[in-house]
Amino acid sequence: MAITMEQIKDLRGRTGAGVVDAKQALEASNGDVEKAILWLREKGKATVAKKSVRETKEGAVATYVHGNKKMAVLVALLCETDFVARNEKFQELARNIAMHIAASDPLVVKPEEVSDTDVEAEKEFAKTQLAKEGKPADMIGKIIDGKMKKFREERALLTQVYVKDPKMTIEQLIAGAVAELGENISVQEFKKISI
1 MAITMEQIKD LRGRTGAGVV DAKQALEASN GDVEKAILWL REKGKATVAK
51 KSVRETKEGA VATYVHGNKK MAVLVALLCE TDFVARNEKF QELARNIAMH
101 IAASDPLVVK PEEVSDTDVE AEKEFAKTQL AKEGKPADMI GKIIDGKMKK
151 FREERALLTQ VYVKDPKMTI EQLIAGAVAE LGENISVQEF KKISI
């Protein structure tokens, strides 16, 4: 099937992909735009995996100050080069992540960084609740494992659902930027201050 420039423009407009990537995606999906979007997402995951081992030593600090001036967020977003750090899309990504932090109040960057003390306290609380509900003892372990996984994910920035697009996590948002900008991007740290 011959791919038209209109199809390529449409796909680029919807995904931000480059011309060559858009054309390859459309060719791989026989002109089906929805399948091409999925193809680009899969390619993005592969790109992220390849680039994730590359060192990030440049970046930018973004801020978000709430309209009432009683809360602010600082986020340090890292990339590989100062060229990307100055890129408007990178800057916008950093601002959007700062805004997300203000709205969602994560405690740590990654799920494995949630403290063991917090996890143990939550585990004990869950055991007590499940026992009160009369759940069978053989099921309690599995239920608690699921609850602890969810507990860590809800408190970690990267695994939280993105407030501006509930169909993706912050990790997926960053993966999209990695695919688009062609560099590894990572969150170094963040701070939230409120009065």
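Okay, so the sequence shown: first residue is 1 according to our numbering, each after it adds one. Backbone N, C-alpha and C define an ideal beta-carbon position, used for all residues, glycine too.
Identity of the residue in the options nearest residue i by Cα
i	options	result
lysine 192	Val109, Ala25, Val33, Gln129	Val109
aspartate 116	Ile97, Ala131, Arg152	Arg152
valine 119	Asp145, Asp138, Asn96, Gly134	Asp145
arginine 155	Arg14, Glu122, Asn96, Thr81	Glu122
valine 20	Asn184, Leu40, Lys35, Lys127	Leu40
glutamate 112	Lys135, Lys149, Ala126	Lys149
alanine 23	Ser194, Ile8, Gly67	For the record, residue 23 in the displayed sequence is lysine; it is not alanine. Considering only alpha carbons, the answer is Ile8.
Three-state secondary structure (DSSP) of residue i
i	result
lysine 149	helix
isoleucine 101	helix
glutamine 188	strand
glycine 13	helix
methionine 168	coil
leucine 107	coil
valine 114	coil
Burial state of residue i, where buried means 16 or more other Cβ atoms lie within 10 Å
i	result
alanine 179	buried
proline 166	exposed
asparagine 96	buried
glutamate 183	buried
threonine 128	exposed
Assumed close pair residue i, residue j - CB separation to whole angstroms, cut-off 8 Å
i	j	result
leucine 26	leucine 38	Rounded, the Cβ-Cβ distance is 12 Å, inconsistent with contact.
alanine 94	leucine 77	4 Å
alanine 228	tyrosine 64	The chain is shown only over 1 to 195; residue 228 falls outside these bounds and no answer can be derived.
glutamate 92	cysteine 79	About 13 Å; that fails the 8 Å criterion.
Cross-strand partners of residue i (DSSP beta bridge)
i	result
tyrosine 64	Val73
alanine 137	Answer by DSSP bridge pairing: none, since alanine 137 is not bridged.
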